[in-house]
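Trainee: Just so you know, the protein sequences line up as chains D and Y, in that order. All the letters of the first sequence, read from the start, carry residue numbers 1449 to 1712 under this note's numbering. All the letters of the second sequence, read from the start, carry residue numbers 747 to 1119 under this note's numbering.
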Amino acid sequence: MSATPRRKVEPILSAHGIVNRFGRQALHDKLDLDVARGEILGIAGRSGSGKSVLLKTLTGLHRPNAGTVLFSGKTLASMSPAGRAACVGVLFQQGALFSSLSVAQNVMLPIREHTALPPPDQEKVAAMKIELAGLPADAGIKLPSQLSGGMVKRAALARALALDPRILFLDEPTSDLDPITATGIDDLIRELNRGLGITIVIVTHDLTTLVTVCHRVAVLVDQKLVVGTIRELKRSNDPWIEELLHGPRAQGVMRQEKRTHGNG
Amino acid sequence: MSRAISAGTSPNVVVASDDKGVALRGVLDIHTLPAAERALKRQITQLKSSGLDVSNVETLDSPGALFLCELRDAGVALSGVRDEHQALLDLICGLKFEPLPKLKVVPGWRQVVIDLGKATDEIGHDAYEVIEFVGRAGTAVVRALAHPRSLRMASISRQIRETGIDALPIVGLMAVMISIVIAYQGVVQLRPYGGEDFTVNLVAVSVLREMGVLITAIIVAGRSGSAFTAEIGVMKAREEIDALKVMGFEPIELLVVPRLIALMITLPLLTFFSDVMGLLGGAVMTHSQLDVSFLQFLDRTHQAVDTSDLFVGIVKAPVFAFFIGVIGCMHGLRVRGSAESVGKETTRAVVASIFLVIVLDALFSILFEKLGL
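1. Could you please tell me which residues of the stretch 1573-1589 of chain D, in chain order, have their CB closer than 8 Å to any CB of chain Y?
2. When the Cα atoms are used, what is the spatial distance from Cys-1535(D) to Phe-1519(D)?
3. How long is the line joining the alpha carbons of Met-1449(D) and Thr-1660(D), rounded to whole angstroms?
4. Which residue from His-777(Y), Asp-799(Y) and Gly-910(Y) puts its Cα closest to that of Met-1010(Y)?
5. Give the range of the alpha helix (DSSP H) segment to which Phe-1617(D) is assigned.
6. When DSSP labels each residue in this structure, what does His-1464(D) get in the three-state scheme?
7. Which residues in the same chain have their Cβ closer than 7 Å to the Cβ of His-1510(D), if we skip the five residues on either side of it in sequence?
8. Would you please verify whether the beta carbon of Ser-1547(D) is less than 7 Å from any beta carbon of chain Y?
9. Just to make sure I have the definition right: I need the residues of chain D whose C-beta is within less than 8 Å of the C-beta of Ile-869(Y). Which are they?
10. If you measure beta-carbon to beta-carbon, which residues of the stretch 1607-1629 of chain D are closer than 7 Å to chain Y?
11. List the endpoints of the continuous beta strand (DSSP E) containing Ser-970(Y).
12. To the nearest angstrom, how far is the alpha carbon of Leu-1025(Y) from that of Asp-1619(D)?
13. Are the beta-carbon atoms of Met-1023(Y) and Val-922(Y) separated by less than 7 Å?
14. Is there a Cβ from chain Y that is less than 7 Å from the Cβ of Gly-1643(D)?
15. What does DSSP give as the partner residues of Gln-1473(D) in its beta bridges?
16. From the DSSP output, in three-state form, read off Arg-1664(D) for me.
17. Quick one: which chain Y residues come within Cβ less than 7 Å of Pro-1566(D)?
18. Out of Leu-817(Y), Leu-774(Y), Leu-812(Y) and Leu-806(Y), state which residue places its alpha-carbon closest to the alpha-carbon of Thr-1120(Y).
19. In three-state terms, what does DSSP make of Phe-1519(D)?
20. Alpha carbon to alpha carbon, what distance is there between Asp-1052(Y) and Leu-1041(Y)?
21. Quick one, which of Gly-1118(Y), Ala-811(Y), Pro-1004(Y) and Leu-1117(Y) has its alpha-carbon nearest Ala-900(Y)'s?
22. What are the residues in the stretch 1631-1661 of chain D lying within 9 Å of chain Y by C-beta distance?
23. Any contact of the stretch 1602-1616 of chain D with the stretch 843-857 of chain Y, i.e. 3+ C-beta pairs under 8 Å?
24. At 4 residues or longer, what runs of the alpha helix (DSSP H) sit wholly inside the stretch 1028-1067 of chain Y?
25. Examine the Cβ distances between the stretch 1479-1498 of chain D and the stretch 1667-1682 of chain D and report whether three or more of them are shorter than 8 Å.
26. Quick one: what's got a C-beta closer than 7 Å to Lys-1055(Y)'s C-beta in the same chain, skipping five residues either side?
27. Using DSSP with H/G/I as helix, E/B as strand and the rest coil, what is Leu-798(Y)?
28. If you run the structure through DSSP and keep just helix, strand and coil, what is Lys-850(Y)?
29. Would you list the residues sitting across from Ala-1514(D) in a DSSP beta bridge?
30. Quick one: what's got a C-beta closer than 7 Å to Met-747(Y)'s C-beta in the same chain, skipping five residues either side?
31. Taking the straight line between their C-alpha atoms, what separation do you get for Gln-1704(D) and Leu-834(Y)?
32. What does the alpha-carbon distance come out to for the pair Phe-1114(Y) and Val-880(Y)?
33. If you measure between the beta carbons of Ile-1559(D) and Ala-1610(D), is that distance less than 7 Å?
34. Give the DSSP-derived three-state secondary structure of Ser-763(Y) in the structure shown.
35. Does DSSP put Val-858(Y) in a helix, a strand or coil?
36. Counting beta carbon pairs with one atom in the stretch 957-967 of chain Y and one in the stretch 983-995 of chain Y, are three or more of them shorter than 8 Å?
So this is what it looks like as structure tokens:
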């Protein structure tokens, strides 16, 4: 699965020297991260290790105490609002769909704001994104409160994809979902990465996602990131990474992965 | 190249057509799509015979790919698709989606009738619910008072602080303001008749009988009634109420009774405080406008009102308190699931409790008039 060749190209996202402190407690200490164009990067770490703050820092929602985040060499702050929206898409953990708007209206909101597309075409593009996210057509006119957990994630994904962002951030895309729905989301992530060529950063606890979907995984340990493929990380000496990748939950996922890998 | 149509500003898309065929160059994305669509729609017949060369399209996004797929479905052959765009085209062309279903449009007059019917139905349900909840909360309070050991003193005292002591500054300020308004109007209106002395009577009677308690009740409804709804509503939304039930607690006894008792203690006290502050405001105002000294004001007040006026005002306070608390708690318990619902119920609770306070005040006025108080 994670056999996509990695080429040495200019990173699409480059975070350098990120420092985040809350009071005396340091969450991130001069942390660096490069994400290559077209890759799927997973971010893992124990609860409270600052994954969410890192995601907020990368997406420009939180200003770090020090450090810079560059998208193809530019900061988000230097971009126009439309440029920012076309650069970064975020799937929030709870979906963050606007509750007073239907799913299609949610998807059309950024399109209407940032492009000159005539309304019939807006609807067509919205219908396409909704289909792309794997939702049935009649989901478009539903309100977020009428959707199930998995459908909320898909609808939020459709909205995050509205302007074809170059990099997509997913915050716990498979949390609170049953395993079958979660597998569907995993497949969808891979398909979007392959088809749209979109770079994806996933913050997740889900080992299956980390092992089967991500090309590389960044683990937050001791205020720094340890980055590598799953195979590289397995050789790590860090106790938390070792426990993560050799624990009982990991064994099952790895065995499964080996089997599908062997067959394919 | 015989003809080139350039569209939009940079980055842009160029449609170039000559004898060999039509070619698309540049960026085909959501921003340049309308221009490309306009330019190509005009040449659709030529396109069908000659095909469209897309080898010079540098950037392609999903709406652009959707457009190319539609052209292909219409019978236009695409040539020279770049490798990096092939996957995107395959993905988008592979999607089979229908246009968004249209919502049924209801004509305006019918919507009005529907809303009217729904609102009427809701009023009926609301009234029934209020009556039911008043009964339940009332019996719970009486039962709790009959068994004083079951009272949750810590909770009651915390509520007294939050609904009473913390409200002192705002209640005092509002009482002073209102009595300044009354005194000022009184002086202006009574002066032509030479009766401006009676401003003191006006202030004293209206503050003690009506204004003190009414202003206090309205502030408390806005301040504490809404807080009750929000606190209980958030607990409901986060399943804390269900957790209490599972652990064998009675939510009404645990959450509603202490709030009701606390509010029924604090509102009369706040009303008394508001009366004092109102008279003080009246005294200051008459002093500055009519040169009435504070001692004279006190003397006149003594002649103008007696204990029954104070009683008429303060006796209403516990009744108002009970209904403000009941409405607040009831709407809190009516919250369903989402955070949105907490906001909606809070608004409703404040509107309903202020409405009820004023209706009750009117009923009290009639009652006291009949009783000759």
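Heads up, the beta-carbon is just placed ideally off N, CA and C, and yes, glycines get one too.
Mentor: Put simply:
1. Val-1573, Ala-1574, Ala-1575, Met-1576, Lys-1577, Ile-1578, Glu-1579, Leu-1580, Ala-1585, Asp-1586, Gly-1588 and Ile-1589
2. Here residue 1535(D) refers to the residue found at position 87 when the first sequence is read from its first residue. Here residue 1519(D) refers to the residue found at position 71 when the first sequence is read from its first residue. Looking at the two C-alpha atoms, the distance is approximately 8 Å.
3. Residue 1449(D) sits at position 1 when you count from the first residue of the first sequence. Residue 1660(D) sits at position 212 when you count from the first residue of the first sequence. Confidence at Met-1449(D) is low in this model, with a pLDDT of 41, below 50, so its placement is unreliable and the value that follows should be read with caution. Here the alpha carbon of Met-1449(D) sits roughly 6 Å from the alpha carbon of Thr-1660(D).
4. Your numbering for residue 1010(Y) matches position 264 in the second sequence. Met-1010(Y) has its Cα closest to that of Gly-910(Y), out of His-777(Y), Asp-799(Y) and Gly-910(Y).
5. Residue numbering aside, residue 1617(D) sits at position 169 when the first sequence is read from its first letter. From DSSP, Phe-1617(D) is part of no alpha helix (DSSP H) but of the beta strand (DSSP E) over 1615-1619.
6. By one-based count along the first sequence, residue 1464(D) stands at place 16. DSSP places His-1464(D) in strand when its eight states are reduced to three.
7. Stepping through the first sequence from its first residue, residue 1510(D) is reached at position 62. Counting only Cβ-Cβ distances below 7 Å, and skipping sequence neighbours, we find Val-1501 and Lys-1504.
8. Locating residue 1547(D) in the first sequence gives position 99, counting from the first residue. Yes - at least one Cβ of chain Y is within 7 Å of the one on Ser-1547(D).
9. Here residue 869(Y) refers to the residue found at position 123 when the second sequence is read from its first residue. Those within 8 Å of Ile-869(Y) in chain D number zero; the least Cβ separation is about 24 Å.
10. Leu-1611 and Asp-1612
11. Within the second sequence, numbered from 1, the residue matching residue 970(Y) stands at position 224. Per DSSP, Ser-970(Y) belongs to no beta strand (DSSP E) and is neither H nor E.
12. Position 279 of the second sequence, counted from the start, is the residue given in the question as residue 1025(Y). Position 171 of the first sequence, counted from the start, is the residue given in the question as residue 1619(D). Straight-line Cα distance between these residues: approximately 60 Å.
13. Position 277 of the second sequence, counting from 1, holds the residue named residue 1023(Y). Position 176 of the second sequence, counting from 1, holds the residue named residue 922(Y). Going by C-beta atoms, Met-1023(Y) is nearer than 7 Å to Val-922(Y).
14. What you label residue 1643(D) is simply residue 195 of the first sequence in a count that begins at 1. Yes, contact with chain Y.
15. The sequence position of residue 1473(D) within the first sequence is 25, counting from 1. Note: Gln-1473(D) sits in a beta bridge opposite Phe-1470(D).
16. Residue numbering aside, residue 1664(D) sits at position 216 when the first sequence is read from its first letter. DSSP places Arg-1664(D) within a strand segment (E or B) once states are collapsed to three.
17. Counted from its first residue, the first sequence places residue 1566(D) at position 118. Within 7 Å Cβ-Cβ: Pro-780.
18. Residue numbering for chain Y in the displayed model covers 747 to 1119; residue 1120(Y) lies beyond these limits and cannot be assessed.
19. Counted from its first residue, the first sequence places residue 1519(D) at position 71. If DSSP states are grouped into helix, strand and coil, Phe-1519(D) belongs with the strands.
20. In the second sequence, residue 1041(Y) corresponds to position 295, counting from 1. In the second sequence, residue 1052(Y) corresponds to position 306, counting from 1. The alpha-carbon atoms of Leu-1041(Y) and Asp-1052(Y) are separated by roughly 17 Å.
21. Taking the second sequence and counting its residues from 1, the one referred to as residue 900(Y) is at position 154. The shortest C-alpha separation from Ala-900(Y) is found at Pro-1004(Y).
22. Glu-1639, Leu-1640, Arg-1642, Gly-1643, Leu-1644 and Gly-1645
23. Segment contact: the stretch 1602-1616 of chain D against the stretch 843-857 of chain Y, fewer than three CB-CB distances shorter than 8 Å; contact not assigned.
24. 1040-1050
25. yes
26. For this step, residue 1055(Y) is matched to residue 309 along the second sequence. Reading the sequence as shown, one finds Asp at residue 1055(Y) and not Lys. Closer than 7 Å at the Cβ level, and outside the excluded window around Asp-1055(Y), lie Val-951, Leu-954 and Arg-955.
27. Locating residue 798(Y) in the second sequence gives position 52, counting from the first residue. In the three-state DSSP reduction, Leu-798(Y) falls in the strand class (E or B).
28. To locate residue 850(Y), count along the second sequence from 1; it is residue 104. Lys-850(Y) falls in the coil class under three-state DSSP.
29. Along the first sequence, one-based indexing puts residue 1514(D) at 66. DSSP output for Ala-1514(D) lists Val-1467(D) as bridge partner(s).
30. Your numbering for residue 747(Y) matches position 1 in the second sequence. Unreliable positioning characterises Met-747(Y) in this predicted model, as indicated by a pLDDT of 36, which lies under 50. The coordinate reading is nonetheless provided below. Correct list, in chain order: Ala-762 and Asp-764.
31. Position 256 of the first sequence, counting from 1, holds the residue named residue 1704(D). Position 88 of the second sequence, counting from 1, holds the residue named residue 834(Y). If you take the alpha carbons of Gln-1704(D) and Leu-834(Y), they lie about 30 Å apart.
32. What you label residue 1114(Y) is simply residue 368 of the second sequence in a count that begins at 1. What you label residue 880(Y) is simply residue 134 of the second sequence in a count that begins at 1. Those two C-alpha atoms are separated by around 24 Å.
33. Locating residue 1559(D) in the first sequence gives position 111, counting from the first residue. Locating residue 1610(D) in the first sequence gives position 162, counting from the first residue. Contact flag set, yes.
34. If you number the second sequence from 1, residue 763(Y) lands on position 17. Here Ser-763(Y) sits in strand by DSSP.
35. Numbered from 1 along the second sequence, position 112 holds the residue referred to as residue 858(Y). The answer is helix: DSSP assigns Val-858(Y) an H, G or I state.
36. The stretch 983-995 of chain Y is not in contact with the stretch 957-967 of chain Y.
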